[in-house]
Amino acid sequence: MDYIEFHSEVPTNLSTMVMAFGGWIDAGEAATGAMRHLVRHLSAPRLASIDPEAFFIFTQERPEARMTSDGNRAIRWPRSEFYTWQPPGGQPGMLLFRGMEPNQLWRTYSNMFLDLVEQCGVKRIVSIGALLAGSPHTRPTRVTGRSTDPEWQVLMEDWGIYRRPSYQG
């Protein structure tokens, strides 16, 4: 079964992917909100959507009923979408993703996800997230970063944001 609906031809020159998943790693919708802003700011066209039917338990990720402009109700299903951005001048572009972590069929979802990422020619993936923290508004917000690329790790250490990963799960 095809779980991805394509809205345009898949580009093969997107060197970087920036992604944000909703859920526990998205406190206050900071990550998905930042991604929504980035997609709008760049006027990034939608490349593909993942069909939520197989991957979500709708009692946990509930669809929303909304009023349309003509006064009718419409159901909005949980969405996971890929967007593209191509800079002027023919330089490599970016693949952007905003969506929810699946409730089930993780291997299928992950394989499908990575297949599309590879088709696009992505070499670097940046994942953004936000965790709840007891930070008063009078103090700087803690920002952390990690990388498997040694050059980026050095940059993050220089910026004072590198933290060794401790999460396992």
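Numbering (this note's numbering), first residue to last: 3 to 171.
Beta carbons are placed, not taken as given, at the ideal position from N, Cα and C, and that holds for glycine.
Asked: Reduced DSSP secondary structure (H/G/I, E/B, other) of Asp53; Found: coil
Asked: C-alpha distance - Arg148 paired with Ile27, whole-angstrom precision; Found: 15 Å
Asked: Chain-order list of residues whose beta-carbon lies under 6 Å from that of Gly131 (same chain, five-residue window excluded); Found: Ile27, Ala33
Asked: Ser112 in three-state terms, based on DSSP; Found: helix
Asked: 8 Å Cβ shell around His139 - same chain, five flanking residues per side excluded; Found: none
Asked: Minimum C-alpha distance to His43 - residue among Arg68, Pro89, Phe8, Glu66; Found: Pro89
Asked: Three-state class that DSSP yields for Glu11 in the structure shown; Found: coil
Asked: Stretch-stretch touch, CB-based, cutoff 8 Å, three pairs: the region 41–59 with the region 100–110; Found: yes
Asked: Pair within 9 Å by beta-carbon distance, Gly30 and Glu103; Found: no
Asked: Whole-number beta carbon distance between Val41 and Arg81, since they are thought to touch under 8 Å; Found: Not really, about 12 Å apart at Cβ, beyond 8 Å.
Asked: Anticipated Cβ contact below 8 Å, Met69 with Arg75, distance rounded; Found: 6 Å
Asked: For Ser129, the residue or residues it bridges with in DSSP; Found: Met21
Asked: Cβ-Cβ separation, Met19 to Leu97 (assumed contact under 8 Å), whole Å; Found: 4 Å
Asked: Classification of Phe115 by the beta-carbon crowding that lies within 10 angstroms, buried from 16 upward; Found: buried
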